[in-house]
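Undergrad: Could you have a look at this structure, given as structure tokens, before my questions?
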Amino acid sequence: MPTEMEEYLFDLKGFLVIREAIDSAHLTELNDLIDVLKEVEVGEWSGYVHRTGPSALQSIYEAGEPFERLIDHPAYIDHVTRFVGGDDGLFIDEGFMTIQGPGASGRLHSGAHKRRIRTQFRYHNGQFRCGQVNVLMALTDIQDGDGPTRVVPGSHKSNLIHPALVSDERVFRDAHVEGAVEVPLKAGDAILFVDALAHGAGYRTNPGERRVAIYRYGPHWGSNRHGYVPSDELIARLTPERRKIIQPLLPKRPPVVA
Ligand SMILES: O=C(O)CCC(=O)C(=O)O
Ligand SMILES: [Fe+2]
């Protein structure tokens, strides 16, 4: 479970950094799988993994056992459970990864002013009830110049839109954004944040690749953000604990009449 201090800081800032969440042997297994998957053409599938753009691979938990281990990794799963709250368990509504080379950047987006239900931050009666808690895992070092994730601490409770977002949601690229901080990570570290937090990837100036896996957790009654369904093979081989997070409810159909 998160410590009292972690809960205080998550409530205050909207994010936490978990150092050395993934060990180096596991990182090697993940990166070896990615080396193969990055050859998939944009728009094509490798099994149930979908390459949706130059940088994105969707349903990455279908890519093999090393990615399945990330579904309920002991380094963060109790934190996620506490911050999503409720008693009926979790659901991953999007599990993907991105690969970003030199010149890539992410725009600043989100912020509590939107009052979105799906991504909301909520705390009531001693319980967190966040609609979407993201675990962003660094699979490579993401230090100065590598495009560290930037966040606006506290913006998960903001009432006003960040002034830099009003006219252009792409301002985050290279300029300093008032109130934002970079979160440098070593490979294996993770940042956990409620999606209502204003955030975005930084601007990569260095050569090489920035690789992150992102699993978004919400309450068990959610639905996949893009409509992806898990493969029968994945459902069959997952541990019961992991299966419940990928498919919390068994699809119910009338019996097939012969
Ligand atoms: O890659 C990043 O640093 C940001 C990703 C992002 O926007 C998200 O996880 O919602
Ligand atoms: Fe985001």
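Heads up: the sequence shown begins at 122 in our numbering, then just goes up one per residue. We put the beta carbon where it would ideally sit given N, CA and C, even for glycine. All figures in this text were calculated on a predicted structure; none of them were measured in a lab.
Counting only runs that start and end within the region 175-205, where is the alpha helix (DSSP H) found for 4 or more residues in a row?
TA: Counting whole runs of 4 or more residues, the region 175-205 contains the alpha helix (DSSP H) stretches 186-189 and 198-205.
Undergrad: Since I believe Val302 is in contact with Gln253 (beta carbons under 8 Å), could you give me their beta-carbon distance rounded to a whole number of angstroms?
TA: That pair is no contact at about 21 Å.
Undergrad: Between the Cα of Asp199 and those of Val350, Met122 and Asn345, spot the shortest distance and give me the residue it belongs to.
TA: Closest option to Asp199, Cα to Cα, is Met122.
Undergrad: Can you list the beta strand (DSSP E) stretches of 3 or more residues lying completely in the region 273-334, in chain order?
TA: List check, beta strand (DSSP E) in window: 302-304 and 311-315.
Undergrad: How would you call Lys373, buried or exposed, if buried means at least 16 neighbouring beta carbons within 10 angstroms?
TA: Classification of Lys373: exposed, given that the 10 Å Cβ count is below 16.
Undergrad: Does the Cβ of Leu257 have 16 or more other Cβ atoms within 10 Å, making it buried, or fewer, making it exposed?
TA: Buried is the call here.
Undergrad: How many Å lie between Val298 and Asp267 at the Cα?
TA: Each residue's alpha carbon lies about 17 Å from the other.
Undergrad: Can you tell me which of the three DSSP states His171 falls into?
TA: His171 falls in the strand class under three-state DSSP.
Undergrad: Contact defined as beta carbons within less than 8 Å: I believe Gly210 pairs with Ile366. What is the distance between those atoms, to the nearest angstrom?
TA: So it is a contact: roughly 7 Å between Cβ atoms.
Undergrad: Could you work out which residue in Asp132, Val377 and Gly207 is closest to Tyr338 when comparing CA atoms only?
TA: That would be Gly207, whose Cα lies nearest to the Cα of Tyr338.
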